[in-house]
Amino acid sequence: MNENVPLGGTALEGGTTVADRVCDVLLLFTQGSTELGVSEIARRLELPKSVVHRILRSLSSRELIRHTRDGRSYQLGPAAALLGARAWAALDVHAAARPVLRRLRDETGETTTLSQLVGAERTYVEQFESRREVKMTVALGVRHSLHAGASGKAMLAHLDPAEQERVLAVPLRSLTPAPVTDTDLLRTELAEIARRGSAISLGERLPEAGAIAAPILLPTGEVFGAISLCGPLGRFDPDTVRRYEPMVRAAATEICRALAEPHTIQDQEL
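Heads up, the sequence shown is in our numbering, so the first residue is 424 and it goes up one at a time.
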């Protein structure tokens, strides 16, 4: 039987309620580090470790948090991810992105996609397929690393430094001969991507595919994901890349602007 901290409004010392403390613990996972131990939580919130233990047990029983793989810390759990998904649904990134991605697909003739950041990985959540007979398509819902491919690098380049270093601390696996797996070289490339506002991949994740991507940032400045334009590598020659790259950046800027003014999203044709 799980021992749960009651989530009601019982008053504690200083007028703080149990619900206040539970909320404080949860919100701590949104402030910098995504993995926290009991001692760090107790120190930052000035709470007794015994209280922190009880709160963490209660949150774990509801899958709002879970142990990290090494069992020494905690991270947000699937129920927290579901809450976040519901919150983003209200903001409706998809609704803002669809008309822009459809138009970019029609203007270029290539497949366009929307990826979402999921922890230290990403997944495709939307695509508008090219109408050409030879085209690139993606599998929605499959997770991919951030260091290889245009969408992943566009996200990684715009993460805060601590989160970026956490990703780079893990050995970088190469799926093709093209990706940069030396962390120092990758940091240099990420700095250039952040400066330019877009990323290019030529055979990095898939050997016969080319892509151009730009990040999608929420009004808070956090990285939601990225949009990309992708197709067969042979159609991504230097002149085509130079022509399409500013189009992808402009499309991402349009989506971000719509997210900052959510009342305009519903007026867009889906």
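Built from N, CA and C at the ideal position, the CB exists for glycine as well.
Asked                                                                                                                                                           : Found
Can you find at least 3 beta carbon pairs, one from the stretch 602 to 618 and one from the stretch 549 to 559, that sit closer than 8 Å?                       : no
Just verifying my parser: in three-state terms, what is the DSSP assignment at Thr534?                                                                          : strand
Gly633 to Tyr667, Cα distance in whole Å?                                                                                                                       : 12 Å
Considering only the alpha carbon of each residue, which of Glu677, Ala681 and Ile635 lies closest to Met559?                                                   : Ile635
Are at least three pairs of beta-carbons, each pair with one atom in the stretch 573 to 589 and one in the stretch 640 to 659, less than 8 Å apart?             : yes
Between Leu563 and Leu470, what straight-line distance do the alpha-carbon atoms span, to the nearest angstrom?                                                 : 43 Å
Taking CB distances under 8 Å as the criterion, tell me whether Pro642 reaches chain D.                                                                         : In the displayed structure, chain D is absent; only one protein chain is listed.
Just verifying my parser: in three-state terms, what is the DSSP assignment at Arg555?                                                                          : coil
Relative to the C-alpha of His581, which residue among Ser621, Tyr547, Gly507 and Ala518 is closest?                                                            : Ser621
How about Val548 and Arg566: are their beta carbons less than 8 Å apart?                                                                                        : no
Pull up the distance between the alpha-carbon of Arg525 and that of Arg589, whole angstroms please.                                                             : 34 Å
Is the distance from the Cβ of Pro642 to the Cβ of Ala681 below 8 Å?                                                                                            : no
Give the single residue among Ile488, Asp493 and Arg492 whose Cα lies nearest to the Cα of Pro501.                                                              : Ile488
Distance, Cα to Cα, Gln498 vs Gln539?                                                                                                                           : 19 Å
Going by Cα to Cα distance, which pick from Leu527, Asp515 and Asp493 is closest to Pro669?                                                                     : Leu527
For Leu656, which residues of its own chain have a beta-carbon under 8 Å away from its beta-carbon, when the five flanking residues on both sides are left out? : Leu625, Gly626, Pro630, Glu631, Ala632 and Gly633
Taking the beta carbon of Glu533 as the centre, do at least 16 other beta carbons fall within 10 Å, making it buried, or is it exposed?                         : buried
What is the DSSP secondary structure of Val593, reduced to helix, strand or coil?                                                                               : coil
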